[in-house]
Every structure is written in C-alpha cells, then in structure tokens.
Amino acid sequence: GIQVEQSPPDLILQEGANSTLRCNFSDSVNNLQWFHQNPWGQLINLFYIPSGTKQNGRLSATTVATERYSLLYISSSQTTDSGVYFCAGPRNSGNTPLVFGKGTRLSVIA
Amino acid sequence: EAGVAQSPRYKIIEKRQSVAFWCNPISGHATLYWYQQILGQGPKLLIQFQNNGVVDDSQLPKDRFSAERLKGVDSTLKIQPAKLEDSAVYLCASSYGGSTEAFFGQGTRLTVV
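Which chain is which? The protein sequence lines are C and Y, in order.
For the first sequence, the numbering used here assigns the number 148 to the initial residue and increments by one for each residue that follows.
For the second sequence, the numbering used here assigns the number 28 to the initial residue and increments by one for each residue that follows.
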C-alpha cells in the first residue's frame, strides 16, 4: 500500500498570509482527500480530489496523480484556520481504506 | 443530511477495564471504518466493514479489540482489557458504495489511567 508524507510538519502564519501545504505519495494515487482536524478532534472534509484542481473559498487543492503529490493552498489565512491538516489516499485501488500522513499543524496568529 | 454519529465523546477508564464505543454511519453508506488516532499521528485503520461483513481487520489487535456491525448499519468497537497504550481518539467513518470518499464522526477520546 501507499505511504504518505506531509510537509511542513509545523507552520506558523500571521493572519492574512498565504500558505502551501504539500503531500507526497509513494505511488500514483487517485481520489485523494484533504481534511482539517479542528481543536475538538473532528476531521472536517475539505476536498475530495481525484485529480486536477478544486477551489472552495480561500482554499484550493491541486493533485498531480502521475507525479504523486498534492498541494493545499490557503489564502488570506484566519485564526479559525488553525488546526492540523491531513491528506489521505486509498491504500490500494478499489474500495480500500485511507492511509493518512502525519499532518501539518498550522497556527495562525492575529 | 445527518453526519456520522459517535458516542460517547469522552471516556476515562482504568487499565484492565473494558470499554465500548458506538457509531452510526451516514444513512445509505455501506462501508464503515474504525480508525485509531494516537496523539501527534494520523489516523490508522483498525477495521473496515462492507454492510455487515468484515473486509479488513488485519490491523485490529484481536486479543483485546473486537468490533461488530450487526444488521449492516451501526457498529460497536470494544476493548477488553484496556492498556495504557490504548489511550487515543477512536474515529468512525463511512463511505458510500464503491467510493473511497470517507466522512468522519466527532470521535471518542479514550484515556486509560
């Protein structure tokens, strides 16, 4: 099955700044997901992105499956963006469980 | 549409005691997962159900963990007896049919003392 690496592990931003989080996979991956884990521990779905680019407000994500990476962009960051961001991809093809990276801990300070 | 429901939200038990967690997936989602998330790490799969059958339990410590999904809807995860290293957040997730897009519940934070 795939392995997932996320970078950077920690990131501190001033409110209003932009950032890019990266996710590398050990093998070609489809149907990647990005999550935000809030301070109460819940995983909030951000993107389900088979390939290409998706945008939702200040957030956007790009996956290049053939090059085995995905990027999450956060623009004009807000303090409510703080938390841990995870990417995850299916272990194998088909209906298989997600394999997660270790996450990027983002702190946005006012 | 209601999300994945889990209970309890928090649980503190002594080592060697038993504990059970409950999960109700999103209506119509055939696939149900239990993940364990230890502090500072990403979630790791414990078990995957498709309807009421087990698809993957290769990472479930079967000497102390058990799970069931009777009638193919809600599920229960049990730990007996608990160890200190079982302290973690237990997350339930579900997905629809053949999709891998998973939706997570709020989790149960277990502390074993």
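Quick reminder that beta carbons are idealized off the backbone N, C-alpha and C, glycines included.
Can you pull the DSSP bridge partners for residue 62 of chain Y? As a working mapping, residue 62 of chain Y is identified with position 35 in the second sequence. Note: residue 62 of chain Y sits in a beta bridge opposite Y:72, Y:118.
Exercise for the section: May I ask which residues mark the beginning and end of the beta strand (DSSP E) holding residue 230 of chain C? Expected result: Taking the first sequence and counting its residues from 1, the one referred to as residue 230 of chain C is at position 83. Start and end: 230-237.
Where residue 243 of chain C meets chain Y, residues with beta-carbon distance less than 9 angstroms:
Numbered from its first residue, the first sequence carries residue 243 of chain C at position 96. Neighbours of residue 243 of chain C on chain Y, chain order: 75, 82, 83, 127.
**Item:** Start-to-end residues for the beta strand (DSSP E) that takes in residue 183 of chain C
**Value:** Reading the first sequence from its first residue, position 36 is the one you call residue 183 of chain C. Element bounds for residue 183 of chain C: 179-184.
To be precise: take each residue of the stretch 96-118 of chain Y, compare its Cβ to all Cβ atoms of chain C, and keep it if any distance is under 9 angstroms. Which residues remain?
116, 118
Does the distance from the CB of residue 148 of chain C to the CB of residue 136 of chain Y come in under 8 angstroms? The residue you call residue 148 of chain C lines up with position 1 of the first sequence. The residue you call residue 136 of chain Y lines up with position 109 of the second sequence. Not closer than 8 angstroms, so no.
TODO: Assuming residue 47 of chain Y and residue 103 of chain Y form a contact by the criterion Cβ under 8 angstroms, report the distance between their Cβ atoms to the nearest whole angstrom.
DONE: Mapped onto the second sequence, residue 47 of chain Y falls at position 20. Mapped onto the second sequence, residue 103 of chain Y falls at position 76. Yes, residue 47 of chain Y and residue 103 of chain Y are in contact; Cβ-Cβ is about 6 angstroms, under 8 angstroms.
*asked:* Restricting to Cα atoms, I'd like to know which of Y:67, Y:51, Y:66 is closest to residue 78 of chain Y.
replied: For the purposes of this step, residue 78 of chain Y is identified with residue 51 of the second sequence, where counting begins at 1. Of the listed residues, the one whose Cα sits closest to residue 78 of chain Y is Y:51.
- Task: Compute every distance between the C-beta of residue 213 of chain C and the non-hydrogen atoms of the ligand GTP, then say whether any falls below 7 angstroms.
- Result: No copy of the ligand GTP appears in this structure; indeed no ligand is present at all.
Practice prompt. Drop a sphere of 10 angstroms on the beta-carbon of residue 237 of chain C, count the other beta-carbons inside from all chains shown, and report buried for 16 or more, exposed for fewer.
Written response: Reading the first sequence from its first residue, position 90 is the one you call residue 237 of chain C. Buried, because 16 or more other Cβ atoms sit within 10 Å of the Cβ of residue 237 of chain C.
- Item | Test: residue 249 of chain C CB closer than 8 angstroms to a CB of chain Y | One-based indexing of the first sequence puts residue 249 of chain C at position 102. It does; some Cβ of chain Y falls within 8 angstroms.
Practice problem: Would you mind reading off the limits of the beta strand (DSSP E) that contains residue 123 of chain Y? | Solution: Numbered from its first residue, the second sequence carries residue 123 of chain Y at position 96. Element bounds for residue 123 of chain Y: n/a, residue is neither H nor E.
Helix, strand or coil at residue 94 of chain Y according to DSSP, with G and I counted as helix:
Locating residue 94 of chain Y in the second sequence gives position 67, counting from the first residue. If DSSP states are grouped into helix, strand and coil, residue 94 of chain Y belongs with the strands.
Short of 7 angstroms in beta carbon distance, which residues of its chain neighbour residue 163 of chain C, apart from the five on each side in sequence? Order them along the chain. Mapped onto the first sequence, residue 163 of chain C falls at position 16. So the qualifying residues of the chain are 223, 224.
**Request:** Could you tell me which residues DSSP pairs with residue 253 of chain C in its beta bridges?
**Result:** On the first sequence, position 106 is the one that residue 253 of chain C refers to. Beta-bridge pairing links residue 253 of chain C to C:158, C:230.
Proximal residues to residue 218 of chain C (C-beta, below 6 angstroms), its chain only, five neighbours per side dropped: The sequence position of residue 218 of chain C within the first sequence is 71, counting from 1. Counting only Cβ-Cβ distances below 6 angstroms, and skipping sequence neighbours, we find 167, 169, 209.
| field | Amino acids of chain Y, ordered along the chain, whose beta-carbon sits closer than 9 angstroms to that of residue 237 of chain C | value | Numbered from 1 along the first sequence, position 90 holds the residue referred to as residue 237 of chain C. Within chain Y, the residues near residue 237 of chain C are 127.
Given 8 angstroms, three or more beta-carbon pairs between the stretch 115-126 of chain Y and the stretch 61-70 of chain Y
yes
If you draw a straight line from the C-alpha of residue 172 of chain C to the C-alpha of residue 154 of chain C, how long is it? If you number the first sequence from 1, residue 172 of chain C lands on position 25. If you number the first sequence from 1, residue 154 of chain C lands on position 7. The alpha-carbon atoms of residue 172 of chain C and residue 154 of chain C are separated by roughly 12 angstroms.
**Asked** Can you list the residues of chain Y that residue 199 of chain C reaches, using a CB-CB cut of under 9 angstroms?
**Response** Within the first sequence, the letter at position 52 stands for residue 199 of chain C. Near residue 199 of chain C there are no residues of chain Y at all, since even the closest Cβ is about 16 angstroms away, more than 9 angstroms.
State the Cα-Cα distance for the pair residue 108 of chain Y and residue 59 of chain Y, rounded to the nearest angstrom.
Here residue 108 of chain Y refers to the residue found at position 81 when the second sequence is read from its first residue. Here residue 59 of chain Y refers to the residue found at position 32 when the second sequence is read from its first residue. Cα to Cα, the separation comes out at about 24 angstroms.
Compute the Euclidean distance between the alpha carbons of residue 183 of chain C and residue 91 of chain Y, then round it to the nearest angstrom. Position 36 of the first sequence, counted from the start, is the residue given in the question as residue 183 of chain C. Position 64 of the second sequence, counted from the start, is the residue given in the question as residue 91 of chain Y. If you take the alpha carbons of residue 183 of chain C and residue 91 of chain Y, they lie about 31 angstroms apart.
Could you tell me which residues DSSP pairs with residue 33 of chain Y in its beta bridges? The residue given as residue 33 of chain Y occupies position 6 in the second sequence. The partner list for residue 33 of chain Y (beta bridge, DSSP) reads Y:50.
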